[in-house]
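In terms of my numbering, the sequence shown opens at residue 14 and continues consecutively.
Below is one structure, written out as structure tokens, with a few remarks after it.
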Amino acid sequence: MMGKIIAFHSYKGGTGKTLLSINLAATYAKNGNDVCLLDLDFRAPSLQARFKTKGNGYWLNDYLNGVCEIKNALIDLSHLHSGTGKFLVGLANPSTEAIREMSAKDRKWEMKALGRLLALRNSLLNDMHLNYLILDTSPGLQYSSINAIVAADVALVVTSLDTSDIIGTQRMVHELYDLFEKKTMIVVNKVLSDMLSSPAGNNNFSDYFHNTYDLPVLDSITCSCDVLRVGGTCVFTEEKQEHPFTNSLKRIAGKIEKL
Ligand SMILES: Nc1ncnc2c1ncn2[C@@H]1O[C@H](COP(=O)(O)OP(=O)(O)O)[C@@H](O)[C@H]1O
Ligand SMILES: [Mg+2]
């Protein structure tokens, strides 16, 4: 099987990109796939804190700057799930200095960084034979997020039901994504459970959202107090294997395989 690159993006922040990136990666790894998850949100790095790791001295910042190879910037977190797949993670440098430095990069640097991102298909998917590369990005129209979308096979745009989020997502998808002709699907996240609770509620809601907003919906996910309660302190799908949120991720993983 040829590997697939999946980018998570959104118009607004806080829609669930990081949560879904981690849990989708863990779901694939648990099923025996070799997976790599990269934190490309250089403005608000999250994975270092979520995984409570010090890293190994190299960051994805270093890879994009051309000072190390991708292998140096990856850590192996396969022990975090109960399956047989490899679970590799690349971290964004969360120091204030690094965040400021990354937000001051110019177009020329970003063009080079795109080249480095595109090279990952060869190094991670072809040479290391990984099955999935999952990219977690910054919200909005950052140059670095657009680079990630360009490098991906599938772009998943996560939106909440907030009107400003939906309208921004519509504009972004119809004006920007259509330009790239990228396989793009919407994940509607934090949907109230009563909106999904009718028989076949999940599909009904996704159809309704699709018809109302003219957006291609992959799936809809309930807002879950249990997810909020653990506050990103564990890999949720691993801790709560029978939970509806875990089932949503399994369903989404299956749908992406078929895209
Ligand atoms: N389906 C959900 N149910 C409950 N809380 C959620 C859900 N999706 C995301 N969250 C919470 O929303 C917050 C923002 O999520 P996060 O993944 O950090 O968003 P982003 O990476 O898009 O900024 C986190 O506290 C996360 O746990
Ligand atoms: Mg995030």
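Each residue gets a CB set at the ideal place from its N, CA and C atoms; glycine is no exception.
7 Å or more divides the Cβ of Leu169 from the Cβ of Val201. In this structure the stretch 82-100 touches the stretch 67-74; the number of beta carbon pairs closer than 8 Å is three or more. With a threshold of 6 Å, the Cβ atom of Gly26 counts as near ligand 1, since some heavy atom of the ligand is closer than that. Judged by their CB atoms, Thr40 and Thr250 are nearer to each other than the 7 Å cut-off.
Taken in chain order, the whole beta strand (DSSP E) runs of length 3 or more contained in the stretch 160-213 are 167-172, 196-204. Under DSSP, the beta-bridge partners assigned to Gly103 are Leu51, Leu87.
Those residues having their beta-carbon less than 7 Å away from any non-hydrogen atom of ligand 2 are, in chain order, Lys30, Thr31, Asp54, Ala57, Ser59, Asp149. Looking at the backbone, the Cα of Leu133 and that of Leu33 are separated by about 21 Å. For Lys203, same chain residues with a beta-carbon under 6 Å away, outside a window of 5 residues either side, are Ser173, Cys236 in chain order.
Taking C-beta atoms as the reference points, Leu130 and Ala164 count as a pair closer than 7 Å. A straight-line Cα-Cα distance of about 25 Å links Ala111 and Ile19. In this model, Ser157 and Ser151 are separated by some 8 Å (Cα to Cα). Between Val48 and Gly16, the CB-CB gap reaches or exceeds 7 Å. According to the DSSP assignment, Ala20 belongs to no alpha helix (DSSP H) but to the beta strand (DSSP E) extending over 17-22. Collapsing the DSSP output to three states places Tyr71 in coil. Non-local beta-carbon contacts of Leu138 in its own chain, meaning distances under 6 Å to residues more than five positions away in sequence, involve Gly16 in chain order. Ranked by how close their Cα comes to the Cα of Tyr226, the residues His256, Ala57, Ser91, Val186 have Val186 in first place. In the structure shown, the three-state DSSP call for Ser233 is strand. Judged by their CB atoms, Asp52 and Ala105 are nearer to each other than the 7 Å cut-off. Within the DSSP bridge table, the entry for Thr150 names Leu53 as partners. Using a Cβ distance threshold of 7 Å, Leu272 and Val171 do not count as a contacting pair. Going by C-alpha positions, Tyr145 is about 13 Å away from Gly267. Between Leu262 and Asn46, the C-beta spacing is not below 7 Å. Closest by C-alpha distance to Gly79, out of Trp122, Ser91, Gly103, is Trp122.
The beta carbons of Ile162 and His256 sit about 30 Å from each other, so the pair does not count as a contact at 8 Å.
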